[in-house]
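Since the structure comes first, as structure tokens, the remarks are kept for the end.
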Amino acid sequence: MRLTIWLHEARRAGPAALLAPPAALLLTAAIAMFIQLSGAGHERAERLLLAGLEAVAPLSVAMVALTIVVRETCRELHLSLPTLHLATIGRRLGVLGASTAACCLIYAAGAWLAGYRLGPGGAATLLVWAAPALWLAAFAALVAAVTRSAVLTSSLVALIWLAEQIWATVFVTPALRPLFLFFTSRVGDGPGWAANRIGLLAGGLVLLAATAAVLHRPERLLTEEDA
Amino acid sequence: MTALLAVARYEFRMQARKRSLWIAAVLLGGTLVVLQGDRGPRSLPVGTPAREVMATWALLFSILMPLAYGMLLADRLVRDRRLRVEPLLESLPVGPVARLGGKYLGGVAACGLPGLAALLVAAVTELPKRHDPALLGWALVAFAVVTLPGIAMVAGFALVCPTFLSVPLFRVLFVGYWFWGNMLAPAFLPSLTGTVLTPIGDYAATWLLGSGQTALFAGTPGLLPFLRPDPSGASAALSVAVIVLCGLIPMTAAALAAHRATRQTWPAKA
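Chains as they are written, first to last, in the numbering used here: chain A, 1 to 227; chain B, 1001 to 1270.
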């Protein structure tokens, strides 16, 4: 029964949504392979593969997360059921998290086998993608739950992502460092890396808790702009 | 033609009334104003020519604001399918090509509205400091050659690509492309940055600056050297034409597909 409901929620989240993270990672890997084969250098290909894990994967998870929160065509019907709306959305986000984790682990293992170094190595490599993915996805889910607008939420996610890429030097400063998503690819995994990852994880958990609090009153979601 | 304009007018009114378009545009534009730094237009000395001031503003707004337009239009055609109004629209006397073209023109016009408003507001706020009424005129020119072509390209891809990529995947690829194809230095990774294909309006802004310096990376050596002519008036015009034509490629493909699908299903409907 438990597995059945998880599979059902995976279908409700939609294959198109759940395929976005692996498709984005595959595309990144293909471009990195092209760069390597075109003779642009092992280091450039490695840099791109790392950017795929630390930047592209979190962005795709965030875009899917906001879609899951905003898009529910049977919300009124769902509110009449005894199952909490929060539990349903939580399961769908859980499915997204599990599928993304599997994709990122396969991607990182493949890169490691091919001789690329993505992060500090060992179990800590998990934090290269898990910390920014949790933070950005939780931020997307919170904004989506508050605004009920896919346009606004995706624009804000894009703003955060691009602003941190363009003004990376500003986000490396100690005051903003706990919010910097791309520490590994821009600074490296030396001093400050662990603190940055812990800061992102903690921030992500706080944002998730705030999302849960907003979703606890699902009747607020009935007036989304994009439906 | 009347049908095309009618669809475009309706689409424009519908999109322009979306609060999320305006809120997203204000947030993205506002962020750029705050974070513009020393190279931004506010740091230009008094006495800088009006065309240079407005070119810098137009380029600054082009860095992030088109993201909001892409996000807005990404689910436009997909939504018709999801809400199952497509069969209803097909029953109308307007053909699929006119419907698609009208949605494109209306979408471009609606997305152009916040872009134009941002430039006019920037020009008005610069007036007390620079005392040059030509700022308003150059704001319109900068909008026409820097902002609008980029919107036309973004709109073409944002309307069509999500129909076969899915909306979330398109949004991911769009944001990634925007950074890779417009702002990532060609020396860092092979990219389209600095080519005539950059919808951020690099070539047009460089021509407007007229100071011999590139606005961002226009003409910088890199991947596909034949797409990187030296910045000039001619290369700026070429860039504008190429960017607009690029936006029309997916629209043309979608229009052909829609026309063919209609012809194939017509006997069954009859």
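We treat Cβ as the ideally placed atom computed from N, Cα and C, and that holds for glycine.
Contact set between residue i and chain A, taken where Cβ atoms lie within less than 7 Å
i: L1072/B; result: V151
i: M1183/B; result: I166
Chain-ordered neighbours of residue i on chain B, where CB pairs are closer than 9 Å
i: R44/A; result: F1188, L1189, P1190
i: A16/A; result: L1165, S1166, V1167, P1168, L1169
Residues that residue i contacts on chain B, provided the C-beta gap is smaller than 7 Å
i: Q36/A; result: Under the 7 Å cutoff, chain B gives no residues; its nearest Cβ is about 12 Å from Q36/A.
i: S154/A; result: M1071, R1171
i: W135/A; result: Per Cβ cutoff of 7 Å: no residues; W135/A is ~16 Å from chain B at best.
i: A20/A; result: S1166, P1168, L1169, V1172
i: G40/A; result: In the sequence as displayed, the identity of residue 40/A is Ala instead of Gly. Within chain B, the residues near A40/A are P1190.
Residues of its chain near residue i, where Cβ-Cβ distance is below 6 Å and the 5 sequence neighbours each way are ignored
i: A1253/B; result: none
i: G1095/B; result: none
i: L1238/B; result: V1196
i: A1236/B; result: Y1203, A1204, W1207
i: M33/A; result: none
i: R1084/B; result: none
i: A17/A; result: V64, T67
i: G1137/B; result: none
i: T1198/B; result: N1182
i: D999/B; result: Here chain B comprises residues numbered 1001 to 1270, so residue 999/B is not present and cannot be evaluated.
Neighbouring residues, chain B, relative to residue i (Cβ below 8 Å)
i: L159/A; result: L1027, L1028, T1031, L1064, L1067
i: S60/A; result: P1168, L1169, V1172
i: T67/A; result: V1167, P1168
i: V56/A; result: V1172, G1176
i: L48/A; result: L1189
i: A210/A; result: Per Cβ cutoff of 8 Å: no residues; A210/A is ~19 Å from chain B at best.
i: A24/A; result: L1169, V1172, L1173, G1176
Per-residue contacts from residue i into chain A (C-beta, under 8 Å)
i: M1014/B; result: By Cβ distance, chain A contributes nothing, its closest Cβ being about 12 Å from M1014/B, past 8 Å.
i: M1153/B; result: None at all; the shortest Cβ gap to chain A is about 17 Å.
Unbroken alpha helix (DSSP H) run spanning residue i, endpoints
i: F182/A; result: No alpha helix (DSSP H) contains F182/A, which DSSP labels as neither H nor E.
i: A1218/B; result: Run containing A1218/B: none; DSSP gives neither H nor E here.
i: P1114/B; result: 1096 to 1130
i: V1175/B; result: 1167 to 1182
i: V151/A; result: 150 to 166
i: T1056/B; result: 1050 to 1074
i: V1015/B; result: Correcting the residue type first, residue 1015/B is Gln in the shown sequence and not Val. It spans 1002 to 1016 - the alpha helix (DSSP H) in which Q1015/B sits, taken as one unbroken run.
i: E9/A; result: 2 to 13
i: C103/A; result: 85 to 113
i: I198/A; result: 193 to 215
i: L1136/B; result: 1134 to 1142
i: Y1203/B; result: 1202 to 1209
i: A137/A; result: 126 to 147
Amino acids of chain A, ordered along the chain, whose beta-carbon sits closer than 9 Å to that of residue i
i: W1178/B; result: A158, L162
i: V1175/B; result: L59, M63, S154, V157, A158, W161, L162
7 Å Cβ shell around residue i - same chain, five flanking residues per side excluded
i: L1209/B; result: E1052, A1055, A1215
i: V69/A; result: I89, A141, A144, A145
i: G1219/B; result: G1194, R1228, P1229, D1230, P1231
i: A227/A; result: Confidence in A227/A is poor, its pLDDT being 40 and thus under 50, which makes the residue's placement unreliable; the coordinate value appears in the next sentence. So the list is empty, once near-sequence residues are dropped.
i: A65/A; result: L93, L96, A137, A140, A141
i: R1076/B; result: K1103, G1107, L1159
i: V1240/B; result: V1145, P1149, A1204
i: V1078/B; result: P1162, T1163, V1167
i: A133/A; result: A57, P58, V61, T100
i: V187/A; result: V172
i: A1258/B; result: P1096, V1097, L1100
Neighbourhood of residue i by C-beta, 8 Å cutoff - its chain only, sequence neighbours within 5 removed
i: G122/A; result: none
i: G110/A; result: A29
i: A1270/B; result: At A1270/B, the pLDDT of 43 sits below 50, so the modelled position is not reliable; the number obtained from the coordinates is stated separately. Cβ neighbours of A1270/B beyond the five flanking positions: none.
i: Y1010/B; result: G1102, G1106
i: L207/A; result: W135, A138, F139, A141, L142
Residue i Cβ short of 6 Å to the ligand FMN heavy atom set
i: H42/A; result: Only the bare structure without any ligand can be found here, which leaves the ligand FMN out of the picture.
Under 7 Å from the C-beta of residue i: neighbouring residues of chain C
i: A144/A; result: The chain labelled as chain C is not found among the protein chains of the depicted structure, namely A and B.
Counting only Cβ-Cβ distances shorter than 9 Å, please list the residues of the segment 174 to 187 of chain A near chain B, keeping chain order. none
Does the count of Cβ pairs from the segment 3 to 19 of chain A and the segment 37 to 57 of chain A closer than 8 Å reach three? no
Can we say the segment 1178 to 1189 of chain B touches the segment 1036 to 1044 of chain B, given the rule of at least three CB pairs closer than 8 Å? no
Going along the chain, which residues of the segment 1018 to 1035 of chain B sit with their C-beta nearer than 8 Å to a C-beta in chain A? K1018, R1019, S1020, L1021, I1023, A1024, L1027, L1028, T1031, L1035
Taking contact to mean at least 3 C-beta pairs separated by less than 8 Å, is the segment 1168 to 1183 of chain B in contact with the segment 33 to 45 of chain A? no
Is the segment 1238 to 1248 of chain B touching the segment 1144 to 1156 of chain B, taking contact as three or more C-beta pairs under 8 Å? yes
What are the residues in the segment 1200 to 1213 of chain B lying within 9 Å of chain A by C-beta distance? none
The segment 1075 to 1106 of chain B: positions lying closer than 9 Å to chain A by Cβ: D1075, R1079, R1082, L1083
Tell me, please, whether the segment 1061 to 1077 of chain B touches the segment 149 to 158 of chain A by the rule of three or more beta-carbon pairs shorter than 8 Å. yes
Decide if the segment 1056 to 1067 of chain B is in contact with the segment 176 to 189 of chain A; the criterion is three or more beta carbon pairs, one per stretch, under 8 Å apart. no
Does the segment 1153 to 1168 of chain B come close enough to the segment 1249 to 1264 of chain B to have 3 or more Cβ pairs within less than 8 Å? yes
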